[in-house]
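Engineer: Residue numbers (the working numbering): 3 to 445.
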Amino acid sequence: MEQRSRAPEQRGRGMDRIRINGGQRLNGTIPISGAKNATLPLMIASLLSDQTLILDNVPRLADVGLLQRILGNHGVDVMIGGKRPAETQYDGQTLHISAANIVDTTAPYELVSRMRASFWVIAPLVARLGEAKVSMPGGCAIGTRPVDLLIMALERLGAEIEIDRGYVIARARNGLRGGEIRFPKVTVGGTHTALMAASLAHGTTVIENAAREPEIKDVADCLNKMGAKINGAGTAQIVVEGVPKLHGARHRVLPDRIETGTYAMAVAMTGGDVMLENARAELLQTGLDVLAKAGLEYNETNRGLRVARNGKGLRPVEVTTEPFPGFPTDLQAQLMALMTRAEGTSRITETIFENRFMHVQELARLGAHIHLEGECATIEGVDRLKGAPVMATDLRASVSLVIAALAAEGETMVNRVYHLDRGFERLEDKLSACGAAIERISG
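#1: Which of helix, strand or coil does DSSP assign to residue 358?
#2: Considering just the uninterrupted stretch of the beta strand (DSSP E) at residue 239, what are its terminal residues?
#3: Which residue spans inside the region 215-283 form an unbroken beta strand (DSSP E) run of at least 3?
#4: Who are the near neighbours of residue 69 in its chain, counting only those whose CB is closer than 7 Å to its CB and skipping five residues on each side?
#5: Do residue 139 and residue 114 have their C-beta atoms within less than 8 Å of each other?
#6: For the structure I just gave you, are there three or more beta carbon pairs, one from the region 26-40 and one from the region 60-78, closer than 8 Å?
#7: My guess is that residue 130 and residue 49 are in contact by the Cβ rule of under 8 Å, so how many angstroms apart are they, rounded?
#8: Can you tell which of 440, 332, 406, 398 has the C-alpha that lies nearest to the C-alpha of residue 344?
#9: Less than 8 Å between the CB atoms is what I'm expecting for residue 253 and residue 57, so what's the real figure, rounded?
#10: Which same chain residues end up closer than 7 Å to residue 168 when comparing Cβ atoms and leaving out the 5 residues on each side of it in sequence?
#11: Which value, in whole angstroms, describes the spacing of the CA atoms of residue 415 and residue 369?
#12: Let me know the secondary structure DSSP gives residue 205 once reduced to three states.
#13: Counting only runs that start and end within the region 40-76, where is the beta strand (DSSP E) found for 3 or more residues in a row?
#14: Going by DSSP, name the residue or residues bridged to residue 413.
#15: For residue 128 versus residue 199, is the C-beta distance shorter than 8 Å?
#16: Counting pairs of beta carbons, one from the region 203-221 and one from the region 234-253, are three or more of them closer than 8 Å?
#17: Verify whether the separation of the beta carbon atoms of residue 268 and residue 433 is less than 8 Å.
#18: Kindly list the residues whose CB is nearer than 8 Å to the CB of residue 143, restricted to its own chain and excluding five residues on each side of it in sequence; keep chain order.
#19: Counting only runs of 4+ residues fully inside the region 357-401, write out the alpha helix (DSSP H) ranges in chain order.
#20: Identify, in the order they occur along the chain, each residue of the same chain with its Cβ nearer than 7 Å to the Cβ of residue 307, setting aside the five sequence neighbours on each side.
#21: For residue 9, I'd like the list of residues in its chain whose CB is within less than 6 Å of its CB, leaving aside the five on either flank, ordered along the chain.
#22: Whose C-beta lies closer than 6 Å to the C-beta of residue 320 among residues of the same chain, with five residues either side of it excluded?
#23: Would you decide whether residue 126 is buried or exposed? Buried here means 16 or more other CB atoms lie within 10 Å of its CB.
#24: Compute the Euclidean distance between the alpha carbons of residue 312 and residue 273, then round it to the nearest angstrom.
#25: I'd like the span of the alpha helix (DSSP H) that includes residue 165, first residue to last.
#26: What's the gap between the Cα of residue 387 and the Cα of residue 342?
#27: Residue 447: which of 317, 184, 334, 316 sits nearest, CA to CA?
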């Protein structure tokens with residue numbers, strides 16, 4: 003049985019808080035959900051075809067629910083597959099997404115402003131229907147993240163672009179044409195946009211300096227199942243031979259490497275031994291190498307990734323965030339929280355996003371010693387952290403506070419946990435199942 007869904011409710015409400023009493027070791031199993039950063043572009047790719055795209059292992063996240071509403075605004079039907087035998091509460095959803103009848107090619111500000119990735123709908127809409135009108139995303143807590151490179155990619159494929167009253171209007175009445183897209187810097191959003199647009203363009207497109215993230219390859223693999231002709235995804239050069247039409251397909255979302263790294267750091271912070279079920283080491287090798295230097299032991303099994311830290315102290319590390327395969331910016335805040343308890347001085351340099359150190363002042367409330375100078379943070383490890391009320395400022399910052407609180411003495415109350423619900427599925431349930439003293443307080 004299937005359930006039709008146009009506007010699913012967010013699981014967490016804006017006033018929810020998470021209370022943590024630190025000091026508990028983590029032991030047990032944590033199932034790793036499907037990757038948010040692959041799920042969102044995969045859902046958007048459904049706009050490229052009038053046939054149904056079936057996505058398995060979709061995480062239950064606020065951002066996924068919001069994107070369902072955004073796609074519904076264009077006339078897309080989303081069906082949630084019924085519960086299967088032996089399915090657990092952690093198994094991903096199956097979405098049946100049908101964009102057979104696009105009723106509107108406009109994505110309004112009130113929707114796009116709530117999630118930047120929704121701007122990417124501009125690519126499949128103009129590629130398939132010849133026009134799109136999409137609001138500029140607006141500001142962002144962790145930097146400007148402009149869309150100029152996404153617009154440039156569409157222009158290279160022959161789209162006429164006009165910016166009017168905060169909207170980007172793209173037109174290609176006779177269809178997009180293959181061309182060369184050379185990004186001046188690595189951009190995940192730009193690469194996703196170029197892949198989707200080029201799939202239906204007339205002729206061949208070459209994308210140079212493409213993002214190499216595993217989520218890019220996952221989207222390309224899905225597009226190829228839909229009939230696209232994409233070669234080189236996962237490398238710096240991607241070649242796309244345009245096709246007239248894409249068909250339906252079924253695709254399983256890859257496991258979330260950021261969730262994997264986050265829980266690995268939670269184990270490193272608290273000690274213990276945890277199986278990260280479904281995790282894949284090759285998606286996060288640089289991050290695992292850094293954690294091994296810090297004192298975490300890990301090994302890959304047929305069930306996933308086993309991570310442990312038993313009795314040894316944490317060693318300091320020096321890290322610079324970089325595009326894949328470098329250390330991910332989406333794990334920078336979590337690593338900083340971990341290094342607050344290292345035996346010595348650590349340094350983290352953030353090169354991807356400006357303003358991505360807003361968690362520093364909240365970590366300081368727990369007793370962390372962190373000095374900021376430009377894009378570099380110097381962390382002096384301390385003997386102990388103490389619980390305190392803290393405020394989440396964005397998705398990754400919020401989970402860094404949870405990691406610190408797991409090792410802090412006494413009670414920590416994390417406010418604004420709606421940030422967490424955007425990217426972590428049932429976080430408090432997964433941690434409490436492994437022995438953490440953590441609970442959600444509603445209202």
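Glycine included, each C-beta is placed from N, C-alpha and C at the ideal position.
Structural biologist: In short, the structure shows the following:
#1: coil
#2: 239-243
#3: List check, beta strand (DSSP E) in window: 231-233, 239-243, 251-254, 274-279.
#4: 42, 45, 117, 120
#5: yes
#6: yes
#7: Indeed, because the Cβ distance is near 7 Å, the residues count as touching under 8 Å.
#8: 406
#9: 6 Å
#10: Within the same chain, residue 168 has close Cβ partners 111, 137, 138.
#11: 15 Å
#12: coil
#13: 55-60
#14: 23
#15: yes
#16: yes
#17: yes
#18: Because residue 143 carries a pLDDT of 46, less than 50, the predicted location of this residue cannot be relied on, and the following value inherits that uncertainty. Setting aside the 5 residues that flank it on each side, residue 143 is surrounded in the same chain by 357, 360, 395, 396, each with a C-beta closer than 8 Å to its C-beta; the list follows chain order.
#19: 362-367
#20: Cβ neighbours of residue 307 beyond the five flanking positions: 262, 278, 281, 283, 300.
#21: Reliability fails at residue 9, whose pLDDT of 38 lies under 50, so the model's placement of it is uncertain and the value that follows must be treated cautiously. Here the set comprises 71.
#22: 349
#23: buried
#24: 6 Å
#25: Residue 165 -> not in any alpha helix (DSSP H); beta strand (DSSP E) instead, spanning 162-166.
#26: 8 Å
#27: For residue 447 there is no data in the structure shown, the boundaries of the chain being 3 and 445.
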